[in-house]
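Enquirer: Below is a structure I'd like to ask you about.
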Amino acid sequence: MTEAFADSADLLDLVQESIFVRDLEGRILYWNKASEALYGFHRAAALGQDVATLLHTRYGVPLESITAQLHDTGRWEGEITRRTVSGDERQVFARWSLRPSSTGGPATIVESGHDITGRKQAEQALGNSEYRYRNLFQAMAASFWELDFSAVGQMTRKLREAGITDLRRHFSENPDIVREMIRQTRVVDVNDQSLALFGGGDKAALLQSIEPFWPDASSMVYAESVVAALSRKPNYAAETRLRRLDGHEFDVLFTACFPPESLARGTLLVGVIDISARVRAQAALQKLQADFAHAARVSMLGELTASLAHEVNQPLAAIATNGEASLRWLGRPEPNLDEVNLLARRMVADARRAADIISRIRSMASRQVQEKSALPVKAVIEEALLFLRHEMQGQGVMVSLDLASDLPPTLGDRTQLQQVVVNLLLNAMQAMAQTGAARRMIAVTSRLSAPDTMQVTVEDSGPGIADAHRAQLFDSFFTTKDAGMGMGLAICRSIIEGHGGQIWVDAAAADGGARFSFTLPVVSQG
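First residue of the sequence shown: 199, per the numbering used here; consecutive thereafter.
If you want it as structure tokens, here you go:
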């Protein structure tokens, strides 16, 4: 040990960093406790040893250049790799100082160092992770955007400080705030698929505010994603429309994930998938389904020709009878104007009734696209029964109604839902007629099956459904009728599912008949 360290050996043993002294040939002259802990060699085993040989030192740059810098400047620092007594490798950040002897003896080199193996491994893992992320970011077929929304975070904090707790409602009532948030959200990076999808030949064209890419009609989707992020949801997804650089709008599936570490940095990763082809296919499918439904309605009206004719003839006959009676009252020597007035009112009422029947028939036969509206299902069922009233009377069918009067409305197409009810009732009547059932009963019930769902059930006293047929009953072109097309129940399923509900048949009704049920979502009354 040199005289410079002889008096401070005990003090250096308290230092957490590895400190040792060697001569210019590399022989170890001093070795503190931290060096023993780092490399595993006790002081007695290390003193006098060549440090490069003892620790199998490897340098990232040539040793000659390190030595030259040390002699030129008196200092050097850098990363080196060494091996412990157990054979493990350690990454060490070392600082060398050249200390000339105060007594004229040979110079020495003092090294202090600390273990950076853990940090280097973490950096390597992070680098590998970033490399994989970058490869995935670029290689994915979806469009990915890295966004800076730190300004949006500041805006939402100010809103909360102002006492606004219901952000969803506030955004709905103040769309300008949402547009400002969109303007303040900036694109940090995009992958190659984004360039292809949004029409940018140069990435720099997309590295701007996202405002040009978001149509006004899609603003509330952005607002919902902000609400989802602030609600600590892991992700958010919605179908919406975005805009390319050339101004063309297209349908997309927009997704966003909210890992806490990203939110803390004010960054967000969103994905955009072009679903234009799927939307077009869905529109074509819906048109095809609408055409089938129209054909089925026209076919069904053909089956009910006699019933519908009777329905129309009733008010027309009443009009004719009342008209003749009016002429007789007017032809008297002293016309009875009060009686004529009463008969005229009856004729007007009958004319309106005939017009309503014709209107319902025209609506059922129409192929125009109907608008969905809030509908009371009780009224829909009662109107559907009017189509079959004469037919049911002729076949001796009794109908029992148990319709909840306090059901919330559903959002639906009146004509399509009437078609479902008429089809189920007609099927029940035909099944009972084919088997010659003496007791012909149909029970129709409606009730709230869940807070946000209603259920309608049509149950008959016919022969029921064979177990072998139940799984195929709603398949297209499957029928148990001799002259059936096999489209009625398939169309019913398409209509109900298009309204967000489900339709099914139970194993058997209580008396052995068939029991069909369907559900529909209700419109919130809040």
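We put the CB at the ideal spot given by N, CA and C, even for glycine.
Compute the Euclidean distance between the alpha carbons of Ile640 and Arg377, then round it to the nearest angstrom.
Expert: By one-based count along the sequence shown, residue 640 stands at place 442. By one-based count along the sequence shown, residue 377 stands at place 179. C-alpha separation (whole angstroms): 56 angstroms.
Enquirer: For Ala626 versus Val656, is the C-beta distance shorter than 8 angstroms?
Expert: Indexing the sequence shown from 1 puts residue 626 at position 428. Indexing the sequence shown from 1 puts residue 656 at position 458. Yes.
Enquirer: Compute the beta-carbon to beta-carbon distance between Val619 and Ile579, rounded to the nearest angstrom, for a pair I have assumed lies under 8 angstroms.
Expert: Position 421 of the sequence shown, counting from 1, holds the residue named residue 619. Position 381 of the sequence shown, counting from 1, holds the residue named residue 579. Going by Cβ atoms, the distance from Val619 to Ile579 rounds to 6 angstroms, so yes, they are a contact pair.
Enquirer: With a 10 Å radius around its C-beta and 16 neighbouring C-beta atoms as the bar for buried, classify Val386 as buried or exposed.
Expert: Walking along the sequence shown from the start, residue 386 turns up at place 188. Looking at its Cβ environment, which holds fewer than 16 other Cβ atoms inside 10 Å, Val386 is exposed.
Enquirer: Among residues of its own chain, excluding the 5 on either side of Ile217, which ones have a beta-carbon nearer than 6 angstroms to its beta-carbon?
Expert: For this step, residue 217 is matched to residue 19 along the sequence shown. Shown here for Ile217: same chain residues with a beta carbon closer than 6 angstroms to its own, the five before and five after excluded, namely Leu210, Asn230, Ser310 in chain order.
Enquirer: Just grab the DSSP bridge partners of Ala572 for me.
Expert: Position 374 of the sequence shown, counted from the first residue, corresponds to residue 572. In the DSSP output, where bridge partners are listed per residue, Ala572 has Leu609.
Enquirer: Ignoring anything shorter than 3 residues or poking outside the stretch 434-476, list the beta strand (DSSP E) runs there in chain order.
Expert: 447-455, 465-472
Enquirer: Measure the beta-carbon distance from Leu583 to Arg612 and round it to whole angstroms, keeping in mind my assumption that it falls under 8 angstroms.
Expert: Looking up residue 583 in the sequence shown gives position 385. Looking up residue 612 in the sequence shown gives position 414. Actually they are not in contact, since the Cβ atoms of Leu583 and Arg612 sit about 14 angstroms apart, beyond 8 angstroms.
Enquirer: Put Asp286 into one of helix, strand or coil per three-state DSSP.
Expert: Locating residue 286 in the sequence shown gives position 88, counting from the first residue. Coil at Asp286, not helix or strand.
Enquirer: Measuring only the C-alpha atoms, how far is Tyr420 from Ile380?
Expert: As a working mapping, residue 420 is identified with position 222 in the sequence shown. As a working mapping, residue 380 is identified with position 182 in the sequence shown. Going by the C-alpha atoms only, they are around 8 angstroms apart.
Enquirer: Using the rule of at least 16 other Cβ atoms within 10 Å of the residue's Cβ for burial, across every protein chain shown, is His254 buried or exposed?
Expert: Along the sequence shown, one-based indexing puts residue 254 at 56. Looking at its Cβ environment, which holds fewer than 16 other Cβ atoms inside 10 Å, His254 is exposed.
Enquirer: So, is Thr251 buried or exposed, given that buried needs 16 or more other C-beta atoms within 10 angstroms?
Expert: In the sequence shown, residue 251 corresponds to position 53, counting from 1. Exposed, since its Cβ has fewer than 16 Cβ neighbours within 10 Å.
Enquirer: Ends of the beta strand (DSSP E) at Ile226?
Expert: As a working note, residue 226 is residue 28 in the sequence shown. Start and end: 226-229.
Enquirer: Check whether the stretch 442-454 touches the stretch 470-477, taking contact to mean three or more Cβ pairs, one atom from each stretch, closer than 8 angstroms.
Expert: yes
Enquirer: Note down, in chain order, each residue of its chain lying with its Cβ closer than 6 angstroms to the Cβ of Arg280, except the 5 sequence neighbours on either side.
Expert: Looking up residue 280 in the sequence shown gives position 82. These residues qualify, in order along the chain: Leu253, Thr255, Arg288, Val290.
Enquirer: Where does the unbroken beta strand (DSSP E) through Phe396 begin, and where does it stop?
Expert: For the purposes of this step, residue 396 is identified with residue 198 of the sequence shown, where counting begins at 1. Taken as a continuous stretch (DSSP letters only), Phe396 belongs to no beta strand (DSSP E), being part of the alpha helix (DSSP H) at 390-396.
Enquirer: Does DSSP put Glu275 in a helix, a strand or coil?
Expert: Here residue 275 refers to the residue found at position 77 when the sequence shown is read from its first residue. Per DSSP, reduced to three states, the secondary structure at Glu275 is strand.
Enquirer: Please work out which residues of its chain come closer than 8 angstroms, Cβ to Cβ, to Ala340, disregarding the five sequence neighbours upstream and downstream, and give them in chain order.
Expert: Reading the sequence shown from its first residue, position 142 is the one you call residue 340. Closer than 8 angstroms at the Cβ level, and outside the excluded window around Ala340, lie Gln391, Gly469, Val470, Ile471.
Enquirer: Taking the continuous alpha helix (DSSP H) assigned at Ala663, which residues delimit it?
Expert: The residue you call residue 663 lines up with position 465 of the sequence shown. Sequence inspection shows Ile at residue 663; the Ala mentioned does not correspond to that position. Note, Ile663: premise wrong, no alpha helix (DSSP H); not H, not E.
Enquirer: If I measure Cβ to Cβ from Ala681 and keep anything under 7 angstroms in the same chain, skipping five residues before and after, which residues do I get?
Expert: Indexing the sequence shown from 1 puts residue 681 at position 483. Residue confidence is low: Ala681 scores 46 on pLDDT, short of 50, so the model does not pin down where it sits. Its coordinate-derived value is still stated next. Cβ within range, chain order: n/a, list empty.
Enquirer: Less than 8 angstroms between the beta carbons of Val720 and Pro606, yes or no?
Expert: Position 522 of the sequence shown, counted from the start, is the residue given in the question as residue 720. Position 408 of the sequence shown, counted from the start, is the residue given in the question as residue 606. Cβ atoms of Val720 and Pro606: closer than 8 angstroms.
Enquirer: Put His312 into one of helix, strand or coil per three-state DSSP.
Expert: Along the sequence shown, one-based indexing puts residue 312 at 114. Looking at His312 - three-state DSSP - the assignment turns out to be strand.
Enquirer: Tell me the DSSP secondary structure of Arg241 in three-state form.
Expert: For the purposes of this step, residue 241 is identified with residue 43 of the sequence shown, where counting begins at 1. Helix at Arg241.
Enquirer: Considering Phe369, what are the terminal residues of the alpha helix (DSSP H) in which it resides?
Expert: Here residue 369 is taken as the residue at index 171 of the sequence shown, counted from 1. Where Phe369 is concerned, the enclosing alpha helix (DSSP H) stretches over 365-371.
Enquirer: Sort Gly224, Gln700, Ala320 by Cα distance to Leu718 and report the nearest one.
Expert: As a working mapping, residue 718 is identified with position 520 in the sequence shown. Ranking Gly224, Gln700, Ala320 by Cα distance to Leu718 puts Gln700 first.
Enquirer: Do Thr282 and Tyr237 count as a contact pair if the criterion is CB distance below 8 angstroms?
Expert: For the purposes of this step, residue 237 is identified with residue 39 of the sequence shown, where counting begins at 1. For the purposes of this step, residue 282 is identified with residue 84 of the sequence shown, where counting begins at 1. Cβ atoms of Tyr237 and Thr282: closer than 8 angstroms.
Enquirer: On the three-state DSSP scale, how would you describe Thr643?
Expert: Stepping through the sequence shown from its first residue, residue 643 is reached at position 445. The answer is strand: DSSP assigns Thr643 an E or B state.
Enquirer: Report the option in Leu622, Thr265, Ala712 whose CA atom is closest to the CA atom of Ala664.
Expert: Start at 1 with the first residue of the sequence shown, and residue 664 comes out as number 466. When only C-alpha atoms are compared, the closest one is Ala712.
Enquirer: Where do the ends of the beta strand (DSSP E) carrying Ile701 lie?
Expert: Position 503 of the sequence shown, counting from 1, holds the residue named residue 701. Per DSSP, Ile701 belongs to the beta strand (DSSP E) from 701-703.
Enquirer: Which partner residues does Trp294 have in the DSSP bridge list?
Expert: On the sequence shown, position 96 is the one that residue 294 refers to. In DSSP, Trp294 forms a bridge with Trp274, Glu309.
Enquirer: Around the C-beta of Val350, are 16 or more other C-beta atoms found within 10 angstroms, so that it is buried, or is it exposed?
Expert: Within the sequence shown, the letter at position 152 stands for residue 350. It counts as buried.
Enquirer: Along the chain, where does the beta strand (DSSP E) that runs through Leu345 open and close?
Expert: Position 147 of the sequence shown, counted from the start, is the residue given in the question as residue 345. Counting along the chain, the beta strand (DSSP E) containing Leu345 begins and ends at 341-346.
Enquirer: Is DSSP giving Ile380 helix, strand or coil here?
Expert: For the purposes of this step, residue 380 is taken as residue 182 along the sequence shown, with counting starting at 1. Reduced to three states, the DSSP call for Ile380 is helix.
Enquirer: Mind checking if Lys231 is an interface residue toward chain B, Cβ cutoff 8 angstroms exclusive?
Expert: The question asks about chain B, but that chain is absent: this structure has only one protein chain.
Enquirer: What residue range is occupied by the uninterrupted beta strand (DSSP E) comprising Arg220?
Expert: Position 22 of the sequence shown, counted from the first residue, corresponds to residue 220. It spans 216-221 - the beta strand (DSSP E) in which Arg220 sits, taken as one unbroken run.
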